[in-house]
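One structure below.
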Amino acid sequence: MALARARRRVLVIDDGAPRNAPAGHVHNFLTRDGTPPADLYALGRAEVASYGGEFMAGAVTGAVREEEGFTVTLADGVGVRGRRLLVTTGLVDELPDVPGLAERWGRDVLHCPYCHGWEVRDQAIGVLATGPVAVHQALLFRQLSDDVTLLLHTSPAPGPDEAEQLAARGIVCVEGEVAAVQVADDRLSGVRLRSGAVVPLQALVVAPRFTARADFLGSLGLETAELQTGGHVLGSYVPADPMGATAVPGVWAAGNVTDLKAQVIPAAAGGLTAAAAVNADLVGEDARIAVGRARALAGAR
Ligand SMILES: Cc1cc2nc3c(=O)[nH]c(=O)nc-3n(C[C@H](O)[C@H](O)[C@H](O)COP(=O)(O)OP(=O)(O)OC[C@H]3O[C@@H](n4cnc5c(N)ncnc54)[C@H](O)[C@@H]3O)c2cc1C
C-alpha cells in the first residue's frame, strides 16, 4: 500500500496460501481482532487496489537480474519485470511427523500462545517435546491453563533446573513416544503413546521448523541462513538489515521470510518499512537518471 500511495507501479504476485490460512481467526491485530484470515486478506487487497496496486495470481519460481531491474518467472512460464523486488513469501511450518497431527494444525494443534492461547485457556493442553524450546512452551501455556502436560516424545528428560521449574508450576512430564493424535467428533481428544497408553487432551502444542519460502531466490545468489538454538535448527530465513535490504542490491524482504517470529502486525510493519526504503532507493535512482538526461541535453545544446 505504501508503495502504491507513493505513486509507484506495484504488482503483487501471490499464489494465495498464507501461513495462517488453517486458523479460523486472526488475533492480536488491534481493531481487527477475530477477523478470519481470508477477510483480512480481501480487505488489504481492496485497499491496495484503491491506490492502483495490481495483483497477479501465480507462483514465482525464479528471478534474474537485468540491466534495469529484475525479471521474475512464474510457474506457468510468464515473466514479469520490475525495478525492485520486495519478497514477502513467508515460511512453511514443518510439523512433527505424527499421524493425525497435520490434519488438526491451526485448530487444536497449535504453536503460539499469542495466536490461540486465549482460545484454549483452562483446557487440558499437551506440549509435544521435539527440541529445546518445549519446556519454555510448557511454561508459556501454563500461564493459560493449570492443566499442562509435557509429552517428552523423542526428547531427553528435562535437566534438574527445568524439572524443578516444571514441578513447581504443576506441569506433569509424560515419558514415551507419541504414536498418534486422537480425534473424536472433529475435536482433538488426546494422544496415544507407543506403549498404547492414551493421554486425554483438548489441545496439543508443537514446535514446527520454520522454513523460509525462498527457493526461487537462489538464481539471484540470495541464500537463506539457519536460526539455531543450542545446536538445534529452529528454521531458516532470508537475512536482511533493519530496513529489509538483503545482501542482493535491489531486493528487500519483509515478514516471516526474514523474521520467523513476526506475527501479522510486525509482518505488515516490516512491509511498510521496506516499502519506504524501496521508494527512497528509487527516488535516488530517478534523480540520478534525471541529472544524466539534463546533462546530456545541456551538452547537446
Ligand atoms: C495456524 C496459525 C495461526 C496464526 N494466528 C495468528 C494470529 O492470530 N495473529 C497473528 O498476528 N499471527 C498469527 N499467525 C502468524 C501469521 O500467520 C504470520 O505472522 C503472517 O502470516 C506473516 O505474514 P507474511 O506476509 O510474512 O506471510 P504469509 O501470510 O504466509 O504470506 C505469504 C504469501 O506469499 C505467498 N507465496 C509464497 N511463496 C510464493 C511464491 N513463490 N510465489 C508467489 N507467492 C508466494 C503465499 O501464498 C502467501 O500468500 C498464525 C500462524 C499460524 C501458522
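Mind the numbering: the sequence shown is residues 214 to 514 in my numbering, read in order.
Using N, Cα and C, we set each Cβ at its ideal position, and we do this for glycine too.
- Message: I'd like the list of long-range same chain contacts for P249, defined as Cβ closer than 8 Å, with 5 residues on each side in sequence excluded.
- Response: Within the sequence shown, numbered from 1, the residue matching residue 249 stands at position 36. If we look at P249 and ignore the five residues flanking it on each side, its Cβ neighbours are G237, H238 and V239.
- Query: Do G303 and ligand 1 come close, with the Cβ less than 6 Å from some heavy atom?
  - Reply: Residue numbering aside, residue 303 sits at position 90 when the sequence shown is read from its first letter. Correct: G303 has its Cβ closer than 6 Å to ligand 1.
- Query: Roughly how far, in whole angstroms, is the beta-carbon of T301 from the beta-carbon of V470, given that I think they are within contact range, below 8 Å?
  - Reply: Taking the first residue of the sequence shown as 1, we reach residue 301 at position 88. Taking the first residue of the sequence shown as 1, we reach residue 470 at position 257. The pair is a contact, with the Cβ atoms about 6 Å apart (cut-off 8 Å).
- Task: On a CA-only basis, which of I226, L352 and T343 is nearest R294? Give me that one, please.
- Result: For the purposes of this step, residue 294 is taken as the residue at position 81 of the sequence shown. That would be I226, whose Cα lies nearest to the Cα of R294.
- R297 versus V277, L304, D399 and G444, residue with shortest Cα-Cα distance: Here residue 297 is taken as the residue at index 84 of the sequence shown, counted from 1. Here the closest residue by C-alpha is V277.
- Item | Under the three-state DSSP convention, the category C386 falls into | For the purposes of this step, residue 386 is taken as the residue at position 173 of the sequence shown. Three-state DSSP puts C386 in a strand.
- Message: Helix, strand or coil, according to DSSP, for P231 in the structure here?
- Response: If you number the sequence shown from 1, residue 231 lands on position 18. Three-state result, P231: coil.
- Task: Would you list the residues sitting across from V464 in a DSSP beta bridge?
- Result: Within the sequence shown, the letter at position 251 stands for residue 464. V464 is bridged to L298.
- Query: Just how far apart, CA to CA, sit P369 and S402?
  - Reply: Translated into the one-based positions of the sequence shown, residue 369 becomes position 156. Translated into the one-based positions of the sequence shown, residue 402 becomes position 189. Computed Cα separation, rounded: 25 Å.
- Could you give the residue range of the beta strand (DSSP E) that holds A393? As a working mapping, residue 393 is identified with position 180 in the sequence shown. Counting along the chain, the beta strand (DSSP E) containing A393 begins and ends at V391 to A397.
- Count the other CB atoms, across all protein chains shown, that sit within 10 Å of the CB of S263; report buried if there are 16 or more and exposed otherwise. Within the sequence shown, residue 263 is the residue found at index 50, counting from 1. Per the 10 Å Cβ criterion, exposed.
- Task: Compute the minimum distance between the beta carbon of R514 and the heavy atoms of ligand 1, and state whether it is under 6 Å.
- Result: On the sequence shown, position 301 is the one that residue 514 refers to. No, the Cβ of R514 stays beyond 6 Å of every heavy atom of ligand 1.
- Message: According to DSSP, simplified to helix, strand and coil, what is S402?
- Response: Reading the sequence shown from its first residue, position 189 is the one you call residue 402. DSSP places S402 in strand when its eight states are reduced to three.
- Confirm the yes/no value for this check: CB of F429, any heavy atom of ligand 1, distance under 6 Å. Within the sequence shown, the letter at position 216 stands for residue 429. Yes, ligand 1 has a heavy atom inside 6 Å of this Cβ.
- Label G448 either buried or exposed according to how many other C-beta atoms from any shown protein chain fall within 10 Å of its C-beta, with 16 as the threshold for buried. As a position in the sequence shown, residue 448 is number 235, starting the count at 1. G448 should be labelled buried.
- Message: Here's a check: name, in chain order, each residue in its chain whose Cβ is nearer than 7 Å to the Cβ of V491, leaving out the five neighbours to either side.
- Response: In the sequence shown, residue 491 corresponds to position 278, counting from 1. Cβ neighbours of V491 beyond the five flanking positions: L216, R297, L299 and W465.
- Task: Go through its chain and collect everything with a Cβ distance to L440's Cβ below 8 Å, but skip five positions before and after it.
- Result: Mapped onto the sequence shown, residue 440 falls at position 227. F423, V446, L447, G448, S449, Y450 and L473.
- Message: Can you look up E439 in the DSSP assignment and give me helix, strand or coil?
- Response: Within the sequence shown, the letter at position 226 stands for residue 439. E439: strand per DSSP, three-state reduction.
- Message: Following a CB-centred definition, is Q441 positioned closer than 6 Å to any heavy atom of ligand 1?
- Response: What you label residue 441 is simply residue 228 of the sequence shown in a count that begins at 1. No, ligand 1 has no heavy atom inside 6 Å of this Cβ.
- Look at the alpha carbon of A420 and the alpha carbon of L308, and state the distance between them as a whole number of angstroms. Looking up residue 420 in the sequence shown gives position 207. Looking up residue 308 in the sequence shown gives position 95. Taking the straight line joining both Cα atoms gives about 7 Å.
- Give the secondary structure of Y254 by DSSP, where H, G and I count as helix, E and B as strand, and everything else as coil. Walking along the sequence shown from the start, residue 254 turns up at place 41. Correct three-state label for Y254: helix.
- Closest by C-alpha distance to G457, when choosing among A493, F429 and D289: By one-based count along the sequence shown, residue 457 stands at place 244. The candidate whose alpha carbon is nearest that of G457 is A493.
- Message: Using 8 Å for Cβ pairs, my map puts R405 next to D321. What's the rounded Cβ distance?
- Response: Taking the first residue of the sequence shown as position 1, residue 405 is located at position 192. Taking the first residue of the sequence shown as position 1, residue 321 is located at position 108. In fact, because the Cβ distance is near 16 Å, the residues do not count as touching under 8 Å.
- Contact under 7 Å by Cβ, P235 with W331: For this step, residue 235 is matched to residue 22 along the sequence shown. For this step, residue 331 is matched to residue 118 along the sequence shown. Taking 7 Å as the Cβ cut-off, P235 and W331 do not qualify as a contacting pair.
- Item | Assumed close pair V385, T362 - CB separation to whole angstroms, cut-off 8 Å | Looking up residue 385 in the sequence shown gives position 172. Looking up residue 362 in the sequence shown gives position 149. Right, their Cβ atoms sit about 5 Å apart.
- Task: Identify the continuous beta strand (DSSP E) that holds F283 and give its terminal residues.
- Result: As a working note, residue 283 is residue 70 in the sequence shown. G282 to L287 is the span of the beta strand (DSSP E), which, as asked, contains F283.
- Task: Would you kindly work out how many angstroms separate the C-alpha atoms of E436 and P462, rounded to a whole number?
- Result: Stepping through the sequence shown from its first residue, residue 436 is reached at position 223. Stepping through the sequence shown from its first residue, residue 462 is reached at position 249. Approximately 14 Å between the Cα atoms of the pair.
- Message: My output table needs one value for S432: the three-state DSSP class, helix, strand or coil.
- Response: Residue 432 sits at position 219 when you count from the first residue of the sequence shown. Note: S432 maps to helix in three-state DSSP.
- To which residues of the same chain is L357 closer than 6 Å at the C-beta, ignoring the five residues directly before and after it? One-based indexing of the sequence shown puts residue 357 at position 144. Result list for L357: G330 and R334, in chain order.
- Query: Taking only runs of the beta strand (DSSP E) that begin and end inside the region 445 to 513, which ones reach a length of at least 3 residues, in chain order?
  - Reply: 445 to 450 and 464 to 466
- Query: Which of the three DSSP states, helix, strand or coil, is assigned to V518?
  - Reply: Residue 518 cannot be examined here, being either before or after the span of the chain that is shown, 214 to 514.
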